[in-house]
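So the sequence lines, in the order shown, correspond to chains P and F.
The numbering used here applies: residue -9 is where the first sequence begins, and numbers increase by one.
The numbering used here applies: residue -9 is where the second sequence begins, and numbers increase by one.
Every residue gets a Cβ at the ideal spot worked out from N, C-alpha and C, and that includes glycine.
Okay, structure first, notes after.
Protein chains: 2
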Amino acid sequence: MTEAKTPIKASARKRRADAERSIEAIVTGALDALSSDPDASMAEIARRAGVVRATIYMHFPTREALLDAVMENATTQVAEATRAAEPARGDPAEALERVLRATWKQLDQFHAVLGINIGRLSPSELRRRHLPITSQYIPLLERGQAAGVFRSDVSAEWLIAVVRAIVHTASLELQGGRLSPSTVERTMLTTALAAISPPPGELCPS
Amino acid sequence: MTEAKTPIKASARKRRADAERSIEAIVTGALDALSSDPDASMAEIARRAGVVRATIYMHFPTREALLDAVMENATTQVAEATRAAEPARGDPAEALERVLRATWKQLDQFHAVLGINIGRLSPSELRRRHLPITSQYIPLLERGQAAGVFRSDVSAEWLIAVVRAIVHTASLELQGGRLSPSTVERTMLTTALAAISPPPGELCPS
DNA sequence: TTGACATTGGACAGGTATGTCTGATTTATT
DNA sequence: AATAAATCAGACATACCTGTCCAATGTCAA
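Written out as structure tokens, the structure reads:
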């Protein structure tokens, strides 16, 4: 992961170890900086990465390229953590809870870069890059819809959007001190579950 | 509303009618511009207001001052529309639905400037300025909590945050074409209601 | 150890945004 | 119609950010 350049043919030559380290530091530094300020400058990113500004341009030709790499990195990490939580196993509601417990902080970081990319990429391009994540949520949600555990009068995409919004809100409230670290997870999970559950009117008669 | 300057003593002198018009155009133009791009330049704001850039500085000494006025304007408008929807009348769930139906688009505009102000103002200052709105929602939500219609195992502030997040998500999905104009309201309302309802286990026995 | 790679620190040009200022012109008010 | 207020058009200084370049220094790998 965190590839700076994807050689067209075979890899030109081996990258030195310190270069590898720099790239790593730059990408994570950028994620940090951009999470707290979506317009963080290259200088600020370099500062957080413990690197001089010119070093960034050694590995990323332009700011855009760096943003691409940051997003690629974020999506990959979230996708891997999601996969590790086995979204296809067991009861849909329990599976969603399991996946969210394992990934909600990463998901929130992802929300930050998502906001940046909304104005930078076309909607279709955005959807394409989210596929590694959404392609794991869609089946889970549709499975829950089929089982009557989740609402089926709306699209699975809407359910994804709502869950993501609630995760992000919980992160914000936690960061703002309006939610305590000990209760965030439970609050977030119960709220997300409730938000995508079928309307109460159709619950009892079953 | 939309006062540019609040004179310390008595008002120095009457403002001319065209100045009043300019201020109005600038504030609404700024709201428009900043809603679609949080970093919109003064030039872009001036363009949308149909005014030359220097004119803005006639009425607002600095960009910050303009942002303050825009936020003041937004909160005032939302607060008034909320009040007009009578959040204290009738069943809490119906009252919330009534208020949201009347204000959700304004609330979303407000969400845009809120995002801008999160990095610009201190959390306490932010909360203070939201009071005209939150002070209307808190009683409504607490009333619903007392009546058992809304969850009471979490704070009313959390319920506010969740509702706001869902409103914003609905706006985004509508704008992105992933939700049709005819179904947004219903989807948003049912989701918001579900999100703040008590856990399903305690619903039927009542 | 040697030579290639990588980083540093700094300087540089080009672009853009903010805020100020000016003189000329238009507009509201009395 | 006369006066004051407001706007326009444009120039200006300042500052910041991006991307490029270079010479000197540090670091990896064979």
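Given P/A33, which residues of its chain have a CB within under 7 Å of its CB, disregarding the five upstream and five downstream residues? Closer than 7 Å at Cβ, skipping near neighbours: R43.
Assign F/R154 to buried or exposed, taking buried as 16 or more other Cβ atoms, counted over all protein chains shown, within 10 Å of its Cβ. For F/R154, the number of other beta carbons within 10 angstroms of its own is at least 16, and it is reported as buried.
Check the Cβ-Cβ distances between P/I(-2) and every residue of chain F, and say whether any is below 8 Å. The predicted position of P/I(-2) is uncertain, since its pLDDT is 33 and thus under 50; a value taken from the coordinates is nonetheless stated next. By this cut-off, P/I(-2) is not an interface position.
Can we say the segment 65 to 76 of chain F touches the segment 115 to 131 of chain F, given the rule of at least three CB pairs closer than 8 Å? Contact annotation: the segment 65 to 76 of chain F touches the segment 115 to 131 of chain F, with at least three C-beta pairs closer than 8 Å.
At the 8 Å Cβ level, is P/A151 part of the contact set with chain F, yes or no? Residue contact check for P/A151 against chain F: a CB pair falls below 8 Å.
Just how far apart, CA to CA, sit F/Q99 and P/R133? Taking the Cα positions, F/Q99 is about 35 Å away from P/R133.
Given that F/V144 touches chain P, what residues does it touch there, using C-beta distances under 7 Å? Within 7 Å Cβ-Cβ: T177.
Is any beta-carbon of chain F found at less than 8 Å from that of P/E62? Closer than 8 Å: no.
Rounded to whole angstroms, how far is the Cβ of F/A197 from the Cβ of F/A92, which I believe are closer than 8 Å? This structure cannot settle anything about residue 197 of chain F, because the visible part of chain F is limited to -9 through 196.
Could you check whether the Cβ of P/S196 sits closer than 8 Å to any Cβ belonging to chain F? Low confidence applies to P/S196: its pLDDT is 37, below 50, so where it sits in the model is not reliable enough to give any reading.
Looking only at its chain, what residues have a beta carbon closer than 7 Å to the beta carbon of P/A185, apart from the 5 residues adjacent to it on each side? Excluding the 5 residues flanking it on each side, P/A185 has same chain C-beta neighbours closer than 7 Å at V152, I156, in chain order.
Under 8 Å, do P/L169 and P/A182 count as touching if we go by C-beta distance? Not in contact: P/L169 and P/A182 (Cβ atoms no closer than 8 Å).
Three-way DSSP call (helix, strand, coil) for F/T93 in this model: F/T93 falls in the helix class under three-state DSSP.
For a minimum of 4 consecutive residues, which ranges assigned as the alpha helix (DSSP H) are wholly contained in the segment 162 to 192 of chain F? Counting only runs of 4 or more, we get 174 to 185.
Quick check: the Cα distance between P/E76 and P/A83, rounded to an integer number of angstroms? The straight-line gap from Cα to Cα measures roughly 13 Å.
Using the beta-carbon count (16 or more within 10 Å), is F/I108 buried or exposed? When all chains shown are included, F/I108 counts as exposed.
Quick one: does P/A7 have its CB under 8 Å from some CB of chain F? Answer no: the Cβ-Cβ gap between P/A7 and chain F never drops below 8 Å.
Between the CA atoms of P/L179 and F/S145 - distance to the nearest angstrom: So the alpha carbons of these two residues sit roughly 15 Å apart.
Can you tell which of F/I13, F/R141, F/L130 has the C-alpha that lies nearest to the C-alpha of F/R79? For F/R79, the nearest C-alpha among the options comes from F/L130.
Start-to-end residues for the alpha helix (DSSP H) that takes in P/D22: According to the DSSP assignment, P/D22 belongs to the alpha helix (DSSP H) that extends over 7 to 26.
Complete runs of the beta strand (DSSP E) confined to the segment 56 to 81 of chain P [at least 3 residues]: The qualifying runs do not exist here; there are none.
Which residues mark the beginning and the end of the alpha helix (DSSP H) in which P/S114 is found? 113 to 136 is the extent of the alpha helix (DSSP H) around P/S114.
With 16 other CB atoms within 10 Å as the buried threshold, where does F/S12 fall? Taking all protein chains shown into account, F/S12 has 16 or more neighbouring C-beta atoms within 10 Å of its C-beta and is therefore buried.
Give me the Cα-Cα distance between F/S31 and F/A59, rounded to the nearest whole angstrom. For F/S31 and F/A59, the distance between alpha carbons rounds to 16 Å.
Spatially closest choice to F/W94 from F/E10, F/L57, F/P113, F/V174, by CA coordinates: For F/W94, the closest C-alpha among the options F/E10, F/L57, F/P113, F/V174 is that of F/V174.
On the criterion of 16 or more Cβ atoms from any shown chain inside 10 Å, does F/P52 qualify as buried, or is it exposed? Per the sequence shown, the amino acid found at residue 52 of chain F is Thr instead of Pro. Taking all protein chains shown into account, F/T52 has fewer than 16 neighbouring C-beta atoms within 10 Å of its C-beta and is therefore exposed.
Boundaries (first-last residue) of the alpha helix (DSSP H) holding P/A33: Per DSSP, P/A33 belongs to the alpha helix (DSSP H) from 32 to 39.
I'd like the list of long-range same chain contacts for F/D22, defined as Cβ closer than 6 Å, with 5 residues on each side in sequence excluded. Excluding its 5 nearest sequence neighbours in each direction, F/D22 has C-beta neighbours in its own chain below 6 Å: R38, listed in chain order.
Rounded to the nearest angstrom, what separates P/L56 and F/G105 at their Cα positions? One Cα belongs to P/L56, the other to F/G105, and the distance between them is close to 24 Å.
Within 8 Å (strictly less), CB to CB, does P/G80 reach chain F? No - not a single Cβ of chain F is within 8 Å of the one on P/G80.
Taking P/L169 as the query, report the chain F residues whose CB atoms sit under 7 Å from its CB, ordered along the chain. Here the neighbours are W148.
For chain F, check one thing: does any of its Cβ atoms lie closer than 8 Å to the Cβ of P/E87? Chain F, which has no Cβ nearer than 8 Å to the Cβ of P/E87, makes this no.
Using the Cα positions of P/A0 and P/T45, report the straight-line distance between them to the nearest angstrom. Confidence in P/A0 is poor, its pLDDT being 37 and thus under 50, which makes the residue's placement unreliable; the coordinate value appears in the next sentence. Roughly 25 Å between the two C-alpha positions.
Any residues in the segment 5 to 31 of chain P with a beta carbon nearer than 7 Å to a beta carbon of chain F? Which ones, in chain order? Going along the segment 5 to 31 of chain P in chain order, one finds D27, D29 with a Cβ nearer than 7 Å to chain F.
Which of helix, strand or coil DSSP assigns to P/F50: Here P/F50 sits in coil by DSSP.
Within chain F, partners of P/T72 - CB distance below 7 Å: The premise fails here: P/T72 is roughly 20 Å from chain F at the closest Cβ pair, so nothing lies under 7 Å.
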